[in-house]
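Asker: This is the structure, below, for whatever I ask next.
There are 2 protein chains.
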Amino acid sequence: MRVLERNSERQVLRVAPLFQGLNEEALENCIALALRVEKTPGEMFFQQGDQARRFFLLCRGRVKVTQITPEGHQVVARYAGQGQMFGCVPMYGGKEYPATATAVTRSTALAWDRPTTDRLMEQYPRVAISALQLLGDELAEVRLRYQELATERVEQRVARALVRLVRQAGKKVDAGVLIEFPLSRQDLAELTGTTLYTVSRILSSWEEQGVIQSGRRRIVIRTPHRLVSLAEDLLP
Amino acid sequence: MRVLERNSERQVLRVAPLFQGLNEEALENCIALALRVEKTPGEMFFQQGDQARRFFLLCRGRVKVTQITPEGHQVVARYAGQGQMFGCVPMYGGKEYPATATAVTRSTALAWDRPTTDRLMEQYPRVAISALQLLGDELAEVRLRYQELATERVEQRVARALVRLVRQAGKKVDAGVLIEFPLSRQDLAELTGTTLYTVSRILSSWEEQGVIQSGRRRIVIRTPHRLVSLAEDLLP
DNA sequence: TTTCCTATTTGCTCCAGGACAAAGAACGGC
DNA sequence: GCCGTTCTTTGTCCTGGAGCAAATAGGAAA
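Chains as they are written, first to last, in the working numbering: chain Z, 1 to 236; chain Y, 1 to 236.
If you want it as structure tokens, here you go:
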């Protein structure tokens, strides 16, 4: 059992972007140095403001990364999926986590503490290079979302968010494509910088038009192409 | 003359975050491999969509980094100042520049092409580590601005933007603190995700209250503490 | 100085979407 | 099955700030 789990984690690491190009031996070494952490839905890997002791790589499940303002407004920075890093501040010298990481589904991650992280990056420069690359990609992504938030209307932003979620976590079902983790109106609102009320209205309207079909914390996209049109603000 | 310029550039590199910890010899090497680029106000170092051949480090002047949407809405990602990098996509494998870099004042930068960049990072791992760190800091900064855009009202965001600009480019004058490069209402609007009209109204109201004093593309903060209060949304 | 161009101000209108309230609906636990 | 909790929907109200138009003001160039 234990061994089986280790094995499935190995599979994930093998294809994780961060570890691309490492040989088996190096990979084994990385795994050996990792701490395994498992969380059930709602549990947190770490909270905003905690000492940033480790960085994580998600092996299984789904993790919501959120930030909260002093006034209590929460925003969702991203949803991390299998093979993605989260809590990577230690890689670049941050002292505290700037966000909270919450398991959305039952999740397991591997974690490396700060000295180990530094050692790995020294020993395997490819890891450092991949980290740089991934960070850069993330920066580009956030910049894009910033731009969208600054220039687009709510409906379009919600459509974009859904399109992205479909790419990351879409699962074909007979009615269409299901976002395969529980996602509330509130979550979607915090992901797009609006309120749950507005999200609810938008989804209702889309439901009427047959674009989606939704339930409690559950969304199925029936006509993905129409959703893309909405996201790109095309007419049809 | 030529030598004098090289010398002043050397001074900048010596304290630039990216090159922290390099010895003189390494620094000389970096300079030797760099291309020197000079632009006058309004000229561009590169445009969004161009092949990302080099990355830049600003030695003198001020550079505005902007993104534009297909619909023509422009947003300002940041203003880079002396010693800061811009156009750093090549460092992490991007193919095209995702933004445009325009000189706001007469600016000189050093630039390294892609193969040289890679070589430098290999040869001097400290540079790679600094790059990772700087990218991380920038990510944190953008995340923060995203959060502010999502949760705060315009007036507060404009105040925050000005506070940041004061930190980056504030110069004491007898009337208060001057933002020492030309900055229009439009620029400030694109920096905060609003319109020039709204910015103008806000500045007018602040001027009435004696917080600032402004002219054409020119802002002096007379009571920085009050501006901070506005940025933090405190009462007084 | 005059002229032209660009930046700024200000008035007015209007609506997207935030805020609140209250009534369902779905689920998990017992 | 019943209950309490958590989500969701929908109605109503209302305002922040966008959009447009037009007047004004600063600078640069000639």
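Ideal placement from N, C-alpha and C gives every residue a C-beta, glycine not left out. Predicted model only: the values in this text are computed from it and were never measured.
1. State buried or exposed for proline 115 of chain Z, treating a residue as buried only when at least 16 other CB atoms are found within 10 Å of its CB.
2. Can you tell me where the alpha helix (DSSP H) holding tyrosine 197 of chain Z begins and where it ends?
3. I want to verify the contact list: residues of chain Z whose CB lies under 9 angstroms from the CB of glutamate 96 of chain Y, in sequence order.
4. For alanine 99 of chain Y and alanine 77 of chain Y, I'd like the C-alpha separation in whole angstroms.
5. Report buried or exposed for proline 70 of chain Z, applying the criterion of at least 16 other Cβ atoms within 10 angstroms of its Cβ.
6. What does the Cβ neighbour count give for leucine 13 of chain Z, buried or exposed, with the cut at 16 atoms within 10 Å?
7. Which residue from Z/Ser184, Z/Ser214, Z/Glu148 and Z/Phe181 puts its Cα closest to that of alanine 175 of chain Z?
8. Fully enclosed by the stretch 3 to 40 of chain Z, which beta strand (DSSP E) runs are 3 residues long or longer?
9. Using CA atoms only, rank isn't needed, just tell me which of Z/Arg226, Z/Val154, Z/His225 and Z/Leu132 is closest to proline 17 of chain Z.
10. Can you find the residues in the same chain that come closer than 8 angstroms, C-beta to C-beta, to methionine 1 of chain Y, ignoring five residues on each side of it along the sequence?
11. Using a cut-off of 7 angstroms between C-beta atoms, extract the partners of threonine 69 of chain Z located in chain Y.
12. So which residues on chain Y does histidine 225 of chain Z lean against when the C-beta distance must stay under 7 angstroms?
13. What is the residue span of the alpha helix (DSSP H) that serine 229 of chain Y lies within?
14. Within the same chain, show all residues whose beta-carbon is closer than 7 angstroms to that of valine 228 of chain Z, passing over the 5 residues directly before and after it, in chain order.
15. Hey, how far is the Cα of glycine 81 of chain Z from the Cα of glutamate 24 of chain Y?
16. Between which residues of its own chain and glycine 94 of chain Y is the CB-CB distance below 6 angstroms, once the five residues before and five after are set aside?
17. Give the residues from the stretch 124 to 144 of chain Y that approach chain Z closer than 7 angstroms (Cβ to any Cβ), ordered along the chain.
18. Does glycine 93 of chain Y come within less than 8 angstroms of chain Z when only Cβ atoms are used?
19. Give the secondary structure of glutamine 67 of chain Y by DSSP, where H, G and I count as helix, E and B as strand, and everything else as coil.
20. Would the stretch 195 to 205 of chain Z and the stretch 147 to 163 of chain Z be scored as touching if the rule is three or more Cβ pairs under 8 angstroms?
21. Report the three-state DSSP secondary structure of leucine 235 of chain Z (helix, strand or coil).
22. Under a three-way DSSP split, which group does glutamate 148 of chain Y fall into?
23. What does the alpha-carbon distance come out to for the pair arginine 217 of chain Y and aspartate 50 of chain Y?
24. Taking 8 angstroms as the threshold (beta carbon to beta carbon), is valine 163 of chain Z in contact with chain Y?
25. Cβ of leucine 234 of chain Z less than 8 angstroms from any chain Y Cβ?
26. Would the stretch 38 to 47 of chain Z and the stretch 141 to 155 of chain Z be scored as touching if the rule is three or more Cβ pairs under 8 angstroms?
27. For the stretch 98 to 158 of chain Y, which segments carrying the alpha helix (DSSP H) assignment without a break, of at least 4 residues, lie completely within its bounds, in sequence order?
28. Taking the beta strand (DSSP E) that leucine 191 of chain Y belongs to, which residues open and close that run?
29. Using CA coordinates, which residue listed in Y/Tyr79, Y/Val65 and Y/Leu58 is at the minimum distance from tryptophan 112 of chain Y?
30. Is it right to say alanine 231 of chain Y is buried, meaning 16 or more other beta carbons lie within 10 angstroms of its own, or is it exposed?
31. So what does DSSP say about alanine 175 of chain Y, is it helix, strand or coil?
32. Under 8 angstroms, Cβ to Cβ, is there at least one residue of chain Z near alanine 77 of chain Y?
33. Verify the CB distance criterion: does glycine 87 of chain Y have a CB-CB separation below 8 angstroms to chain Z?
34. Examine chain Y for any beta-carbon lying closer than 8 angstroms to the beta-carbon of glycine 193 of chain Z, and answer yes or no.
35. Is any beta-carbon of chain Z found at less than 8 angstroms from that of valine 166 of chain Y?
36. To the nearest angstrom, how far is the alpha carbon of aspartate 233 of chain Z from that of arginine 226 of chain Z?
Answerer: On the basis of the supplied data:
1. exposed
2. 196 to 208
3. Those within 9 angstroms of glutamate 96 of chain Y in chain Z number zero; the least Cβ separation is about 10 angstroms.
4. 8 angstroms
5. exposed
6. buried
7. Z/Ser214
8. 35 to 39
9. Z/Leu132
10. Only weak support exists for where methionine 1 of chain Y lies, its pLDDT of 48 falling under 50; the value from the coordinates is given anyway. Excluding residues within five positions, none has a Cβ falling inside 8 angstroms.
11. Gln147 and Thr151
12. Correct list: empty, because the minimum Cβ distance to chain Y is about 19 angstroms.
13. 224 to 232
14. Val163
15. 44 angstroms
16. Ala52
17. Ala128, Ala131, Leu132, Gln133, Leu135, Gly136, Glu138, Leu139, Ala140, Val142 and Arg143
18. yes
19. strand
20. yes
21. coil
22. helix
23. 29 angstroms
24. no
25. no
26. no
27. 114 to 123 and 125 to 151
28. Not the beta strand (DSSP E): leucine 191 of chain Y falls in the alpha helix (DSSP H), residues 185 to 192.
29. Y/Leu58
30. buried
31. coil
32. yes
33. no
34. yes
35. no
36. 10 angstroms
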